[in-house]
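Protein chains in written order, with our numbering: chain A, 55 to 297; chain B, 121 to 417; chain C, 7 to 634.
Beta carbons are placed, not taken as given, at the ideal position from N, Cα and C, and that holds for glycine.
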Amino acid sequence: MADEVLAVHGLRVGYGGADVLHGVSVSLARGELTTIMGANGAGKTTLLKSIMGLVRVSEGDIRLQGESLVGKGSSEIAGLGVALVPEGRGIFPSQSIESNLCVGGWPLRGGRKVQRAMLTVVYDRFSTLYDRRTRKAGTLSGGEARLLSIAMALMADPIVLLLDEPSLGLAPLVIESVFGVIEALRDEGRSVLLVEQNAEMALRAADAAHIVHLGRVTMSGKPSELAGHPDVQAAYLGGRVDP
Amino acid sequence: MIVRMVNALVVGVEQGGIYSLVALGLVTVYSATNVFNFAHGDLVMASTVLTVVLWRSFGVPIVLAGAASVVGVVVLGALTERIAVRPVLGHDTSTGWILSTFGVSIIVSTSFTIALTNGTSPSTQRFFPSYLPFHGWSLGGVLLDPNKLFVVVVAAIVAVLLVVFLRRTNYGRALRAVADDREGAAMRGVPVARISLLSFVIGAAIAGVTGVVVGPVTQADAGSGAALVLKGFIAAAVGGIPSIEGALVGGVVLGMIESFIQQFTNGKLIDPISLAALLLVLSIRPNGLMGQRGRIV
Amino acid sequence: MTGPASAPQKGAVRPGTLVVGVLAAAAVAVAPHVVSRFELYTITLGALYVIAVVGLNILVGHAGVISLGTAAFAMVGGYSVGIAHAQWGVGYPLGSVFAVIVCTAVGVATALAALRLGAFAIAVVTLAYLNVATAIVTLTTSITGGPEGLRVPRTGFSDAGLWYLIAGAAAVAWVLHFTTVRSPFGRALNASRLSPVLASSLGVRPMGVKIAAFAISAALAGLAGALYPMINGRVNTSNFDVSLSILLVLMVVLGGQATMAGPVVGAAVLTAVPYVLTHVFKENGNRTALVYGIFLLSTVVLFPSGLVGMATTLLHRHPSRSHRSAGRLGAIAEEAERGASDPIEQSAQISALLEPTQGARLEAAGISVSFGKVPVLEGVALRVQPGEVHGLIGPNGSGKTTFLNCLSGFLRAQGGKVMLDGESLAGTAAGRARAGIARTFQQPILEASASAFANLQTGVDANRKSRALAYVLRVPSARREARLSVATTDQWLRAVGLDDVAGYEAGHLPPGKQRLLEVGRAMATRPKILLLDEPAAGLTGQEIRQLEAVIRAAQAAGMSILLIDHHVDFVLRLCDRITVFAAGSVIASGSPDEIRSDAAVIDAYLGGRRAASNGGLPPQPARGEIDG
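This is the structure we're talking about:
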């Protein structure tokens, strides 16, 4: 098995008495893009929130390069090298773009100089953000906001990048460009865990895929195995109700 | 007549400086925590009392006395966050902090009252001398009070410093992020609890500075906290929470309203009319004069 | 009922309470003969406090409005009596009535202005009430007698007589407070405090009931303020100061907010404290105030449920807090997994409860919504036929919940019309609920610490006919309606399969049962149309089957239903017709079979090219679009 940079094992997570995840196990290999797909309410966002330390874990383990993340706060986990691009807008509308990037770079060690350097790297990659850097983030369009959200996560120079439904609410062309950025990040050697409802885009970008249904992993494999598989379509439209 | 009006204007701005300073402190705390510290006015009072006691009764040089008071008040503010606010945020009701900070307000004001009335001069007030050797001068019939002008200048400086802090430093940006979207900030690795504490500390520091600066104007009075927080809140709400410019503007507006009432009608009407003004402004513009996003107050 | 339920929820008076009541009456009767004069004065004052605190408990504890201005209303009450006597020579009884009327009027007026503000603003503004009242009194010296104050009529009561009168008044006030809290109005107050959204969805106007609560509190404070000068013959501003307001709030909080015994316990403890302090520790006013502050802080931080709340917890009255009951709940959940109620019987029960029902026709056309510059819904049209179960599906973020919020009045659309049975539907959420729209929410909104029974009863309450006052005064027609409400609630619980958990706290039920409870509550309002927002989300297979049975039963009874859900198979099975949203527009509408094989629909869900015509749609706002 390739170098596992993130390993989730037997994760059980519940909200106030009811379990949302019933023993989920997934892993992310270094330099690869693994996608978690499934219908809404399946528990995908909860999985990312658990990794990020925002939700309490009842059972199971989460390891980043061998170090356990369970029980640690989100601030500490971010400091260890995990960055989350949240669902929805995920930016701070009342602040400027550069301010937003600085907030994203909070976990970065090394003070102002390192922050400046990181800003240069990020502006290099996202020239439109550089052009608009003094403008308020609330004025961005959907696609631009999504790119800003990803850029904020990159500011932390993370070991693992978590993305929560980046295609949500975006027009098809914009989705293509966003996914272009995501795939480029993977090609450069970043490890990416992508949660996505849009099965087609997800399978095209991924090196490995899992399907989550009602809090359990029901299918895992290579995208080539899953694409076109009737069960994938069934899981979304008219499949089994009971796992 | 003109002279009276100009006088009222000037006094309004001067008085407004005090309210602006109090409002700035309240708004700073609120912006990161969605909590208004009921004890904020008492923190200002505490600073004033500590300063004058250290300075006049113990002969400590004014700068040192002022600095020590600010430090003392900062400690009180941090304690308030830890003891009265943090534990309550997790409770069933979302408004427990109102009563708990009110409790802190009572504790602080009565403690100081007890301390002041215990000794040789059993009054809740202490005389706070002017900082400057002259007591004001008259410009064509218009009275200018240097102590009050000093307050206005300090209010402007504090506002500028706050703006710089919030817009140009990483901690300031983190504070605004927490105010914008608490969970979103946590998702980015911002230590939300620590930032909340920081906002209380900054708010208390502002209260400390306020107390030192307004001493000659308000004098030291152990029971003045409640009135101060009320006025400061009215100023902030009228100006528009959580805007910093709003706190400045609101303070001046409130100061003007009060001085005009004082100048042209009966001083006792100040409280009812200020309250009525608050309700009026908020019913027309729910987000204050410099209004911002959705229902805040 | 099989669960360890607490009978008081049903309005009956428990034997324990009766015993306490008898003992209390005996103590009151005996008191003047066994205590000293000063002690009699103290407990008379305490009884006076009870009158004000009972009203404040309704306002602060139940309505959740933190008012720090009670002393101002007491002042108004006292001065009303004095002025009535000075100006018109009116005696005490009439003077007191006058005082109550004045205070109620002032209370309503100030509430109308102040309650629109946020919670902190209300606290600060009401704290200033006393300043305002004092200023007004000082400015109208000719009427109010200036610093001397006013004399009040002589009453001719002895000290003991005064005690009986005031203790009697306090008892009456407490009983009325009891009946008020146990009435539908009281339940509406609790709902408004916990969730204005929930209250609106049940047809309650949160602002309206809060204003009423404020008026009640003002009236009772005014009464207490009117009776106070009986003790010393005079009223002036020094009798009413800020520490009185603080003391009264502290009595509510320390005793236990929103509990029955809280006001009395709080008043008793806090009347005893200054007595102890003055007599044992030779105390002056300042240290007493300091003690109040410490009490307030520690109570709110450490034991927010107050003394009565703590006592109740210690006595294991709340079933779901004890370890034993948690196990029982688990057992019940497992049992439910194995086999639910008989669907045919369930259907018959629900039909009987809903009869006569005529499901309404709902027509929405041209609905457009934008959040700022971001369009979320564009010209959406949808029609639900009478008695139809109409499904609404679509990918995440396509605007389904936004649409539901528009229909139910929680969000104002920028364009379009909604018609219910041919009549235009407009206005607030509460108004639409009363017009016959019932709904559930993505996360069930329940009163977590109330029982399942109490929660469902709020739905049944929506159909009551008697006025609030009739309930408070326990008029026979209201009592009949209350008994009927209890019986109907029991029937509903049985019909949706929740009768075994009726007494358990709603917050401790498993999600499947919480969902059923919310759906049952919505159905119990006998709506013209029921809007269900993702009811199957997070449910197990068995729970989904139970939900399906309940929905089918309602459909059989003729109810119109609009069902949003992500379990597409569930929707395809259950619905007569289905509409599909994508990116804020309707992309398909038809029978389940048509939808199942519609290429555009499959595309929309699995990605690829969208069928929507405009490609540059900005993103959806974050979740939680409900605009309370």
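Taking the beta carbon of residue i as the centre, do at least 16 other beta carbons fall within 10 Å, making it buried, or is it exposed?
{"i": "residue 95(C)", "result": "exposed"}
{"i": "residue 212(B)", "result": "exposed"}
{"i": "residue 135(B)", "result": "buried"}
{"i": "residue 175(B)", "result": "buried"}
{"i": "residue 130(B)", "result": "buried"}
{"i": "residue 252(B)", "result": "exposed"}
{"i": "residue 238(A)", "result": "exposed"}
{"i": "residue 431(C)", "result": "buried"}
{"i": "residue 227(A)", "result": "exposed"}
{"i": "residue 257(B)", "result": "exposed"}
{"i": "residue 93(C)", "result": "exposed"}
{"i": "residue 102(C)", "result": "buried"}
{"i": "residue 402(C)", "result": "buried"}
{"i": "residue 391(B)", "result": "buried"}
{"i": "residue 326(C)", "result": "Note that residue 326(C) scores 43 on pLDDT, short of 50, meaning its location in the model is unreliable; the coordinates nonetheless yield the value given after this. Buried."}
{"i": "residue 110(C)", "result": "buried"}
{"i": "residue 561(C)", "result": "buried"}
Per DSSP, residue i is paired with what?
{"i": "residue 68(A)", "result": "73(A)"}
{"i": "residue 235(C)", "result": "In DSSP, residue 235(C) forms no bridge with anything."}
{"i": "residue 275(A)", "result": "263(A)"}
{"i": "residue 190(A)", "result": "150(A)"}
{"i": "residue 377(C)", "result": "380(C)"}
{"i": "residue 18(A)", "result": "Outside the shown range of chain A (55 to 297) lies residue 18(A), about which nothing can therefore be said."}
{"i": "residue 256(B)", "result": "Per DSSP, none; premise fails for residue 256(B)."}
Assuming residue i and residue j are in contact, meaning their beta carbons sit under 8 Å apart, how far apart are those beta carbons, in whole angstroms?
{"i": "residue 466(C)", "j": "residue 530(C)", "result": "5 Å"}
{"i": "residue 255(C)", "j": "residue 74(C)", "result": "6 Å"}
{"i": "residue 121(C)", "j": "residue 222(C)", "result": "That belief does not hold up - the Cβ atoms of residue 121(C) and residue 222(C) are roughly 14 Å apart, past 8 Å."}
{"i": "residue 687(C)", "j": "residue 257(C)", "result": "Residue coverage of chain C in this structure runs from 7 to 634, which leaves residue 687(C) outside it and unanswerable."}
{"i": "residue 184(C)", "j": "residue 236(C)", "result": "Not a contact, Cβ separation roughly 25 Å."}
{"i": "residue 104(A)", "j": "residue 134(A)", "result": "Their Cβ separation, rounded to whole angstroms, is 15 Å, which puts residue 104(A) and residue 134(A) out of contact at 8 Å."}
{"i": "residue 211(C)", "j": "residue 436(C)", "result": "5 Å"}
{"i": "residue 493(C)", "j": "residue 461(C)", "result": "Actually they are not in contact, since the Cβ atoms of residue 493(C) and residue 461(C) sit about 17 Å apart, beyond 8 Å."}
{"i": "residue 380(B)", "j": "residue 302(C)", "result": "Going by Cβ atoms, the distance from residue 380(B) to residue 302(C) rounds to 37 Å, so no, they are not a contact pair."}
{"i": "residue 280(C)", "j": "residue 60(C)", "result": "Going by Cβ atoms, the distance from residue 280(C) to residue 60(C) rounds to 20 Å, so no, they are not a contact pair."}
{"i": "residue 142(B)", "j": "residue 160(B)", "result": "7 Å"}
{"i": "residue 59(A)", "j": "residue 119(A)", "result": "6 Å"}
{"i": "residue 390(C)", "j": "residue 535(C)", "result": "7 Å"}
Would you kindly check if the distance between the Cβ of residue j and the Cβ of residue i is under 9 Å?
{"i": "residue 247(A)", "j": "residue 215(A)", "result": "yes"}
{"i": "residue 521(C)", "j": "residue 542(C)", "result": "yes"}
{"i": "residue 571(C)", "j": "residue 399(C)", "result": "yes"}
{"i": "residue 293(B)", "j": "residue 302(B)", "result": "no"}
{"i": "residue 206(C)", "j": "residue 77(C)", "result": "no"}
{"i": "residue 148(B)", "j": "residue 326(B)", "result": "yes"}
{"i": "residue 89(A)", "j": "residue 250(A)", "result": "yes"}
{"i": "residue 137(A)", "j": "residue 262(A)", "result": "no"}
{"i": "residue 195(C)", "j": "residue 64(C)", "result": "yes"}
{"i": "residue 248(B)", "j": "residue 168(B)", "result": "yes"}
{"i": "residue 584(C)", "j": "residue 601(C)", "result": "yes"}
{"i": "residue 224(A)", "j": "residue 97(A)", "result": "no"}
{"i": "residue 80(C)", "j": "residue 220(C)", "result": "no"}
{"i": "residue 153(A)", "j": "residue 191(A)", "result": "yes"}
*Identify each residue in the stretch 401-428 of chain C for which the Cβ-Cβ distance to at least one residue of chain A is less than 7 Å, and report them in chain order.*
401, 402, 403
*Interfacial residues, the stretch 378-403 of chain C to chain A, with Cβ spacing under 7 Å*: 401, 402, 403
_Against chain A: residues of the stretch 301-329 of chain B by CB proximity under 9 Å_ = 301, 303, 304, 305, 306, 307, 308, 309, 310, 311, 312, 313, 314
*Report the residues of the stretch 247-266 of chain A with a CB closer than 7 Å to any CB of chain C, ordered along the chain.*
251, 252, 253, 254, 255
*Using a beta-carbon distance cut-off of less than 8 Å, what residues from the stretch 120-144 of chain C approach chain B?*
120, 122, 123, 124, 125, 126, 127, 129, 130, 131, 133, 134, 137, 138, 141, 142, 144
*Residues of the stretch 212-234 of chain A with Cβ closer than 9 Å to any Cβ of chain C, in chain order*: 219, 221, 222, 223, 224, 225, 226, 227, 228, 229
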